[in-house]
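The block underneath contains the structure these notes are about, expressed in C-alpha cells.
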Amino acid sequence: MNSSEIKNKATQNLEIIKNIPIDLSKEILKNPETGYKEFKTSKKIFDTLKTFELNVEDGIAITGLKTTIQGSKPGPNIAILGELDGLPVPDHPFEDKMTHAAHACGHHIQIGNMLASLIALNSKEILDNLSGSITFMAVPAEEYVEIEWRNLQRNNGEFEFLGGKQEFIKLGAFDDIDISMMTHARKSLKGFGYGGTGNGLIAKFIKFHGKTSHAGGDPHLGINALNAANIAMSAIHANRETFEDENHIRIHPIITHGGAVVNQIPDLVKIETFVRGASIDAIKDANYKVDKCLKAGALSVGGEVEITTLPGYLPIFNDSNLSSLYKENLDIFYDQDQIEKINHGGGSTDMGDLAHLMPIIHPYVGGANDGSHHTKEFLIDDYNLPVIEAGKMMAFTVIDLLANNAERANKIIKEHKRKLSKSQYLRLLRDISSNDTYNFND
Numbered sequence: 004m005n006s007s008e009i010k011n012k013a014t015q016n017l018e019i020i021k022n023i024p025i026d027l028s029k030e031i032l033k034n035p036e037t038g039y040k041e042f043k044t045s046k047k048i049f050d051t052l053k054t055f056e057l058n059v060e061d062g063i064a065i066t067g068l069k070t071t072i073q074g075s076k077p078g079p080n081i082a083i084l085g086e087l088d089g090l091p092v093p094d095h096p097f098e099d100k101m102t103h104a105a106h107a108c109g110h111h112i113q114i115g116n117m118l119a120s121l122i123a124l125n126s127k128e129i130l131d132n133l134s135g136s137i138t139f140m141a142v143p144a145e146e147y148v149e150i151e152w153r154n155l156q157r158n159n160g161e162f163e164f165l166g167g168k169q170e171f172i173k174l175g176a177f178d179d180i181d182i183s184m185m186t187h188a189r190k191s192l193k194g195f196g197y198g199g200t201g202n203g204l205i206a207k208f209i210k211f212h213g214k215t216s217h218a219g220g221d222p223h224l225g226i227n228a229l230n231a232a233n234i235a236m237s238a239i240h241a242n243r244e245t246f247e248d249e250n251h252i253r254i255h256p257i258i259t260h261g262g263a264v265v266n267q268i269p270d271l272v273k274i275e276t277f278v279r280g281a282s283i284d285a286i287k288d289a290n291y292k293v294d295k296c297l298k299a300g301a302l303s304v305g306g307e308v309e310i311t312t313l314p315g316y317l318p319i320f321n322d323s324n325l326s327s328l329y330k331e332n333l334d335i336f337y338d339q340d341q342i343e344k345i346n347h348g349g350g351s352t353d354m355g356d357l358a359h360l361m362p363i364i365h366p367y368v369g370g371a372n373d374g375s376h377h378t379k380e381f382l383i384d385d386y387n388l389p390v391i392e393a394g395k396m397m398a399f400t401v402i403d404l405l406a407n408n409a410e411r412a413n414k415i416i417k418e419h420k421r422k423l424s425k426s427q428y429l430r431l432l433r434d435i436s437s438n439d440t441y442n443f444n445d
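Using the numbering used here, you'd call the opening residue of the sequence shown number 4 and step up by one each time.
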C-alpha cells in the first residue's frame, strides 16, 4: 500500500467508530479535574484503551498513561499526546461545583483526538506498512495552577516538577520517544493552525511577613504585609518599560491571601505570579528584576519576604521540517482559508520543554467558540473538527513519517538540532528552583 492508500484505510477505521473519541471528550468535559488530581479522567481513558486490547501503563506521574502500537519493522517511536487536566474557572457551565475545575482550555478534545489517531492507525493493514512505533500518552498537569498546593506536594516528595510533561521526562517516559506531537484547541480558527512560537515561564510563590496589630487602635505597632506586597507590585509595574518588545515579557501577579480580617494589620500576604518571556535569557533577566522589586516591598515597611522560585515551562518552537510535513496534509485535505500560520503567542506550555529535547509540533485546531481560553465563556461548538479531523491529521502525519522504511522520520530526526540533552534539561530546571528569605525588620 502507498501512503494515500494507507491514509484511506485509516480514515475508514476511524469513521466506523468515530463516536467513541467524541463521546469520551464530552464525558471528560463533564468531569473536570485539575493537575495531578485527574484520577477519574485517567480511569476513563484507561478503561477505554483497554477495550482495544492494548497494554496500558498507568500511574505515570500519579495520573498519566502510556500505550504503544508497533509497526511491522523497527524504526522511530512517534508520540501523540493529550492532556488530562482542566483549571479552576468559577461559573463555567461545566465546572465542578466543589473544585471549580473546568475544561476551559480544550484539553478534553486533546484526549479525543489522541484516541482518534489511535483508532485510525491501530489495524494490521496499516501497521504492516509502517516502520517504527506510535506511543499514545495522556499527560497530567499542563495548567500551571494551584502553585501553593503543588509546591507542598513537591516538598512532600509526591513529584519534583509542577508540570506533567516535566515529570514524565524526569521519570523516563520520553526516553524511548523520537518525535512528539499534540493538537490544541484554539478559538476563532476555521480549520487548523501550524507553526508558531510561544513564551516560556518561571513561576513564583511569595509570602510577605509583617506584624499584626489592631488596625484602628494600634496600626503603628504593626508591620503591614499588604503594603509591602502592593509596593512590590507597583515596583514591578514600574519596570515594564525596561522590557524589550521582542522578548514578549508578561508578568501577572495575583494575591491569593491578603490578610485575615479587616480590622487587623495583615501580617501575612501570599502572591503567585508568572514571569513569562520568549527566551530563557529574557525570562531570567525579568525574574531578576522581579526579585529586586519583591525585596524592595519588604524593605520599604521593614518586613520579611520569602520568595519561592519554581521552574515553569521553556519557550516553545515547532520543528520546521516536521511542521512542513504536517502542513502537506493540511494542503491536501483543506482549503487555504482553513489553514493559518501561527505567530508568536504570549502563553506557555510544557510542550516547549519537549521542543528542547526532540522534534515536536504543536498545531492548533478550531471548533471552539470565540470565548477566551481560561474563561467561563470558552466552549467547544463543533467536536468533529477538533477530535476526528485533528486526529486524522496527526495519524496521516505519522503515516508519512513511518511509511517507506521511516525515511521521512529518520531525515527529520537527523536534521533536528537538539537544544538540550535530558541531563542538561533537568539541571536547568533544578538550577532555577530556589527558596530565599529576606528579613528587613531590624
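The beta-carbon is built from N, C-alpha and C at its ideal position, and this holds for glycine as well. This one's a predicted model, so the numbers in the text were calculated from it and none came from an experiment.
Can you pull the DSSP bridge partners for residue i?
i, result
"asparagine 80", "Ser136"
"threonine 311", "Phe208 and Asn438"
"proline 91", "Ala104"
What do you reckon, is the C-beta of residue i under 7 Å from a heavy atom of the ligand FAD?
i, result
"histidine 223", "Inclusion of the ligand FAD in the displayed structure is not the case, the ligand content being empty and no account of it being possible."
What first and last residue would you give for the beta strand (DSSP E) that runs through residue i?
i, result
"tyrosine 441", "437-442"
"methionine 184", "182-184"
"histidine 260", "257-260"
"phenylalanine 195", "195-197"
"glycine 62", "59-63"
"valine 272", "271-280"
Is there at least one Cβ from chain B nearer than 8 Å to residue i's Cβ?
i, result
"phenylalanine 443", "Note that chain B does not occur in the displayed structure, where there is just one protein chain."
Put residue i into one of helix, strand or coil per three-state DSSP.
i, result
"lysine 53", "helix"
"histidine 223", "helix"
"arginine 189", "coil"
"tyrosine 39", "coil"
"valine 142", "strand"
"leucine 458", "There is no way to answer for residue 458, as the model of the chain reaches only from 4 to 445."
"alanine 218", "coil"
"lysine 3", "Outside the shown range of the chain, which is 4 to 445, sits residue 3, and nothing can be said about it."
"arginine 421", "coil"
"threonine 200", "strand"
"phenylalanine 171", "helix"
"isoleucine 3", "Not covered by the structure: residue 3. The range shown for the chain is 4 to 445."
Given a threshold of 16 other Cβ atoms within 10 Å of its Cβ, counted over all protein chains shown, does residue i qualify as buried or as exposed?
i, result
"glutamine 169", "buried"
"alanine 241", "exposed"
"isoleucine 20", "exposed"
"glycine 85", "buried"
"leucine 333", "buried"
"aspartate 439", "exposed"
"proline 93", "exposed"
"glycine 220", "exposed"
"proline 389", "buried"
"isoleucine 335", "exposed"
"histidine 223", "exposed"
"methionine 101", "exposed"
Ends of the alpha helix (DSSP H) at residue i?
i, result
"alanine 406", "393-418"
"tyrosine 147", "No alpha helix (DSSP H) contains tyrosine 147, which DSSP labels as neither H nor E."
"glutamine 3", "With the chain covering only 4 through 445, there is no way to say anything about residue 3."
"aspartate 373", "Neither: aspartate 373 is in no alpha helix (DSSP H) and is coded neither H nor E."
"glutamine 1", "Past the boundaries of the shown model lies residue 1; the chain is included only from 4 to 445, so the question cannot be answered."
"glutamate 163", "Unbroken run through glutamate 163: none, as it is neither H nor E."
"glycine 355", "354-358"
"methionine 236", "228-241"
"alanine 176", "Element bounds for alanine 176: n/a, residue is neither H nor E."
"phenylalanine 336", "323-336"
"aspartate 26", "22-32"
Is the beta carbon of residue i less than 8 Å from the beta carbon of residue j?
i, j, result
"isoleucine 9", "aspartate 181", "no"
"isoleucine 319", "alanine 285", "no"
"alanine 281", "asparagine 250", "yes"
"isoleucine 254", "valine 293", "yes"
"glycine 199", "asparagine 346", "yes"
"aspartate 356", "lysine 193", "no"
"phenylalanine 164", "leucine 432", "yes"
"isoleucine 31", "histidine 106", "yes"
"threonine 311", "phenylalanine 208", "yes"
"leucine 317", "isoleucine 81", "no"
"leucine 204", "serine 375", "no"
"valine 308", "phenylalanine 195", "no"
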